[in-house]
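Notes for the one structure printed next.
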Amino acid sequence: MDEIIKITFDILSFSCIMVLIVSGLAIIASLMGIFNFAHGEFVLLGAYTTYLFQEAGLPVWAGMLVAPFVVGAFGLFLEATIIRRFYNAAIVAMLATYAIGLIVREIVRPLIGGRFWRVTEPIPGLFEIGDMSFSIWRGVIIILTIIIMTGCYLFLAKTNYGLKIRGAMENPALARASGISTTKLYSFTFAFGAALAGLAGALMVPLYLLFADLGLRFLVMAFLSVMLGGVGTFEGPVLGSALIGALVPGFQWLRELPIIVDILSPIFSEVLVFITAIIIVKFKPQGLIKRGRL
Amino acid sequence: MDNNQNRYRSNPSRRSFLLGSSALTAAGWIAAGTGTFVLKPNWAHADGHIKMGIATDITGAIGASGNTCWQVAQLAVSQINDAGGILGRPIELILEDTASDPGVAVGNVRRLIQKHEVDVVLGGITSAMREAIKNPITKRGKTLYLYPQLYEGQECTSHLYCTGPTPYQQCSELIPYLIKQGNKRFAMPSANYIWPQLLNKWTRRIIEENGGEVVLEEYFPLDQVEYSATVGKIKSEKVDHVFLTIIPPGLGPFGKQLFESGFQKEGGTVSCVYYDENSPFYVEPYALEDTYSCLDFFHSVNDPFSKQLVKDYNAMFKDTNYLLTAGTASTGMYRGIKLYEQGVIATNGDLAREAVSEALDNISVPEGPGGPYKTVPGTGHCAMNMYIAQNKGGDWNIISSANMVPPNECA
């Protein structure tokens, strides 16, 4: 029983990180049809901002608070200068975002000396339930993710602006014809998606390390999640990311079982995540939740 | 996708495509450029330099160790040059960044040899790096190579000298000590490359010979960040001691997750044979507390030469974050440079690889970091003092030591 609680907690915390990262990507992809290859670098920038606060002697939680705004502003700037020129050519847009990602990554790399840096979590240590101990910071991430996702959902479902976004997601031409300015909408959404990614990076960097390729590592899993969850809705990719977030540590946990431990090495477990995703997509090509204009 | 959007296409003309791609290629060439860094001695005459190439990881996951090696190399060479050089000839240091990436390293090392024509190369930290650069240096490059880092043994390539400790030197004292402390069940979480795989073979044998048992031995990709399942297994299998061979970037997350599972709180202990005074770069202090290490040098070693060396290093590099430590290959780097100096003195200034290599085969050096050391003839390795230490509050306290432990390699 203890084991199951521990497993659930660990899987849940990793899923939450994936959900935070992917939700921004999902909104951008669903609304504008652009797969943002620089999304990993938004995560990196959020983590880097937090690290800068730590190095300047300021509290780390302040850095985490500021990171989404910094990255959101950067997203707004990118959208206004580069991304908006490519709304009519989605493939070229992907190339453009890939280039942006490359530039950001290689600028950050020498700034952090090409090395790996520790960022200490604002609330380190463990909390105990019975004789099981859990990382406090992972618990904080789970709680924050639930709050943020609930907030996003309420924003999309209950507010006027959210209604406009959903309308534009389903049918942009009709939305424009109804007087909704899709340009402003796209700017806001891109910035919002970037801010979410920045927040994800800031929150999860104490669990790992800050390094220039941090974004790349999660980008591949993020795309898998969006592919799995289906483009066009908000819930689809969130579900997809929760699934991927569960599979990555989940397959490692599968190795606890007696026979599986002999055939499944830790390295193959990573490959298995991708194989599973491919199998799921084979049966559900539109993703787990298919709605929206794709 | 909206139908309207498909109607808009951009048709790049052939000319603009060619212009664009050639501009990109030119930019790529310029960007690749030269990455070499050359340190000329300040009393130079045009000929007569001895060119020493240092190929180490200045950037990347192993950067903390690489930077330390480079600084120690500068210290050693400045000491030699200030004393008049080797038989009157100054040493010129040439640095290439191997960037913790064996693929990149091969190209950079080739530049050291073909463009700069160095007389000797010292460097490489991870075994993967050594394996990648040893042939470009010793076979195609026909150059002498000294490898300064602790490693898994079985490196018997000719004209390749290892100045860091071997598994026998590190584990033959450490494991019996750990078992005497009451640790019977061992776990060996490892990075998936050659050093942990071969080291674990040694360690498993010594553990089993001394009555212990290995309950977990697993190999992870270098960049794995989630270890919850492994840590869970370590707890459920009631492991007494974790013999850790995970390297950065996985090291930080693993140390954290192991601590967060309560392993140390319940009395579990950890050892890692490259943990030293620089480890706070990679590992949180709370994960470092009470861990064991066995190396050829710690700052707490009570040896006047070692203490003076640390003082000179700190004076030359004030406020540096990179301390002179054994786990970063920097003690091996110092040893290697001094060995080369003795080798060239023994050949009376002949820098030809065969001559120096033959001289290196049998050299005793009375003073070094951690104590005296000597090459064991026919093996290409060094006998040296070894110390077992435990981390308490950030300091490494020496528990026991052994003098001039033989390397037990390439016999």
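Top to bottom, those sequences are chains A and B. Those letters in the first sequence? Residues 31 to 324, by our numbering. Those letters in the second sequence? Residues -1 to 409, by our numbering. Cβ coordinates follow ideal geometry from the N, Cα and C atoms, glycine included.
Decide if A30/B is buried, meaning its Cβ has at least 16 other Cβ atoms within 10 Å, or exposed. By one-based count along the second sequence, residue 30/B stands at place 32. Confidence at A30/B is low in this model, with a pLDDT of 49, below 50, so its placement is unreliable and no value can be given for it.
Please name the residue, chosen from L220/B, E207/B and E206/B, that lies closest to A189/B on a Cα-to-Cα basis. By one-based count along the second sequence, residue 189/B stands at place 191. When only C-alpha atoms are compared, the closest one is L220/B.
Mind listing the chain A neighbours of S19/B? Cutoff is C-beta to C-beta under 7 Å, in chain order. By 1-based counting over the second sequence, the position of residue 19/B is 21. Residues of chain A passing the Cβ test: none, with the nearest at roughly 13 Å.
State the DSSP-derived secondary structure class of T373/B, mapped to helix, strand or coil. The residue given as residue 373/B occupies position 375 in the second sequence. The answer is strand: DSSP assigns T373/B an E or B state.
What does a CB cutoff of less than 7 Å around T32/B pick up in its chain, not counting 5 residues either side in sequence? Reading the second sequence from its first residue, position 34 is the one you call residue 32/B. Residue confidence is low: T32/B scores 49 on pLDDT, short of 50, so the model does not pin down where it sits. Its coordinate-derived value is still stated next. Excluding positions up to five away in sequence, the list is empty.
Relative to the C-alpha of Q84/A, which candidate in G259/A, I58/A, P98/A and V149/A has its C-alpha closest? What you label residue 84/A is simply residue 54 of the first sequence in a count that begins at 1. Comparing Cα-Cα distances from Q84/A to each of G259/A, I58/A, P98/A and V149/A, the minimum goes to V149/A.
By the criterion of Cβ-Cβ separation under 9 Å, what are the contact partners of E282/B in chain A? Against the second sequence, residue 282/B aligns to sequence position 284. Result: R148, T150 and P154.
Along the chain, where does the beta strand (DSSP E) containing I396/B start, and where does it finish? The count along the second sequence starts at 1 and reaches residue 396/B at position 398. Here the beta strand (DSSP E) through I396/B covers D393 to V403.
To the nearest angstrom, how far is the alpha carbon of D161/A from that of L284/A? The sequence position of residue 161/A within the first sequence is 131, counting from 1. The sequence position of residue 284/A within the first sequence is 254, counting from 1. Rounded to whole angstroms, D161/A to L284/A spans 23 Å at the Cα level.
In chain B, what lies closer than 8 Å to K214/A by C-beta? Here residue 214/A is taken as the residue at index 184 of the first sequence, counted from 1. Those within 8 Å of K214/A in chain B number zero; the least Cβ separation is about 18 Å.
Any C-beta of chain B sitting closer than 8 Å to the C-beta of Q84/A? One-based indexing of the first sequence puts residue 84/A at position 54. For Q84/A, the answer is no, since every Cβ of chain B falls outside 8 Å of its Cβ.
Which of the three DSSP states is assigned to G160/A in this structure? On the first sequence, position 130 is the one that residue 160/A refers to. The answer is coil: DSSP assigns G160/A none of H, G, I, E or B.
Residue burial classification, L91/B (beta-carbon count within 10 angstroms, cutoff 16): Within the second sequence, numbered from 1, the residue matching residue 91/B stands at position 93. L91/B is buried by the Cβ-count criterion.
Buried/exposed call for H43/B, threshold 16 Cβ in 10 Å: Here the question's residue 43/B lines up with position 45 in the second sequence. At H43/B the pLDDT is 49, less than 50, meaning the model places this residue with poor confidence and gives no usable figure here.
What does S165/A reach in chain B if we use C-beta pairs closer than 7 Å? As a working mapping, residue 165/A is identified with position 135 in the first sequence. By Cβ distance, chain B contributes E258.
Does the beta carbon of Q168/B come closer than 8 Å to any beta carbon on chain A? Taking the first residue of the second sequence as 1, we reach residue 168/B at position 170. Answer no: the Cβ-Cβ gap between Q168/B and chain A never drops below 8 Å.
Could you give the first and the last residue of the continuous alpha helix (DSSP H) run that contains S43/A? Here the question's residue 43/A lines up with position 13 in the first sequence. From DSSP, the alpha helix (DSSP H) with S43/A extends over D32 to M62.
Counting Cβ pairs, one atom from each stretch, are 3 or more of them under 8 Å apart for the segment 246 to 260 of chain B and the segment 290 to 304 of chain B? no
Assess contact between the segment 96 to 110 of chain A and the segment 256 to 276 of chain A, defined as three or more Cβ pairs (one per stretch) separated by less than 8 Å. Is contact present? no
Residue-level contact to chain B via CB, W283/A, 8 Å cutoff: The sequence position of residue 283/A within the first sequence is 253, counting from 1. Yes, contact with chain B.
Taking DSSP's pairing of strands, which residues face D95/B in a bridge? Start at 1 with the first residue of the second sequence, and residue 95/B comes out as number 97. In DSSP, D95/B forms a bridge with T54/B.
Do the CB positions of R145/A and G245/A come within less than 8 Å of each other? Indexing the first sequence from 1 puts residue 145/A at position 115. Indexing the first sequence from 1 puts residue 245/A at position 215. Against a cut-off of 8 Å, the Cβ pair of G245/A and R145/A comes out as no contact.
Hey, how far is the Cα of G192/A from the Cα of I57/A? Residue numbering aside, residue 192/A sits at position 162 when the first sequence is read from its first letter. Residue numbering aside, residue 57/A sits at position 27 when the first sequence is read from its first letter. Going by the C-alpha atoms only, they are around 12 Å apart.
Run through chain A and tell me which residues come within less than 7 Å of D221/B, C-beta to C-beta. Within the second sequence, residue 221/B is the residue found at index 223, counting from 1. Simply R247.
L37/B, enclosing beta strand (DSSP E) - first and last residue: Stepping through the second sequence from its first residue, residue 37/B is reached at position 39. That run of the beta strand (DSSP E) goes F35 to L37.
Local conformation of A86/A per DSSP, three classes: Position 56 of the first sequence, counted from the first residue, corresponds to residue 86/A. Residue state, collapsed to three classes: coil.
For E287/B and A230/A, I'd like the C-alpha separation in whole angstroms. Working through the second sequence from its first residue, we reach residue 287/B at position 289. Working through the first sequence from its first residue, we reach residue 230/A at position 200. Using only the alpha carbons, I get a separation of about 30 Å.
Below 8 Å on the Cβ atoms is my guess for D310/B versus L73/B; work out the distance and round it to an integer in Å. Here the question's residue 310/B lines up with position 312 in the second sequence. Here the question's residue 73/B lines up with position 75 in the second sequence. With 8 Å as the limit, D310/B and L73/B qualify as a contact, their Cβ atoms being about 6 Å apart.
Sequence ranges, alpha helix (DSSP H) only - wholly within the segment 292 to 352 of chain B, length at least 4: 302 to 314 and 328 to 344
So, at 6 Å on beta carbons, what are the nonlocal neighbours of K372/B in its own chain, with the 5 sequence-adjacent residues on each side left out? Here residue 372/B is taken as the residue at index 374 of the second sequence, counted from 1. S362 and A381, listed in sequence order.
Spatial distance of G46/B from A353/B (CA atoms): Within the second sequence, residue 46/B is the residue found at index 48, counting from 1. Within the second sequence, residue 353/B is the residue found at index 355, counting from 1. Those two C-alpha atoms are separated by around 18 Å.
Flag R145/A as yes if its beta-carbon sits less than 8 Å from any beta-carbon of chain B, otherwise no. Reading the first sequence from its first residue, position 115 is the one you call residue 145/A. By this cut-off, R145/A is an interface position.
Integer Cβ distance of L50/A from L226/A, believed to fall under 8 Å: Counting from one through the first sequence, the residue named residue 50/A turns up at place 20. Counting from one through the first sequence, the residue named residue 226/A turns up at place 196. With a Cβ gap of about 6 Å, L50/A and L226/A count as contacting.
So L318/A packs on G266/A, CB below 8 Å; how close in whole Å? As a position in the first sequence, residue 318/A is number 288, starting the count at 1. As a position in the first sequence, residue 266/A is number 236, starting the count at 1. With 8 Å as the limit, L318/A and G266/A qualify as a contact, their Cβ atoms being about 6 Å apart.
Closer than 8 Å at the beta carbon, the chain B residues around Y238/A: Position 208 of the first sequence, counting from 1, holds the residue named residue 238/A. Going along chain B in sequence order, the residues near Y238/A (Cβ under 8 Å) are V223, P247, G250 and P251.
DSSP puts T243/B in a beta bridge; with which residues? For the purposes of this step, residue 243/B is taken as the residue at position 245 of the second sequence. In DSSP, T243/B forms a bridge with S188/B.
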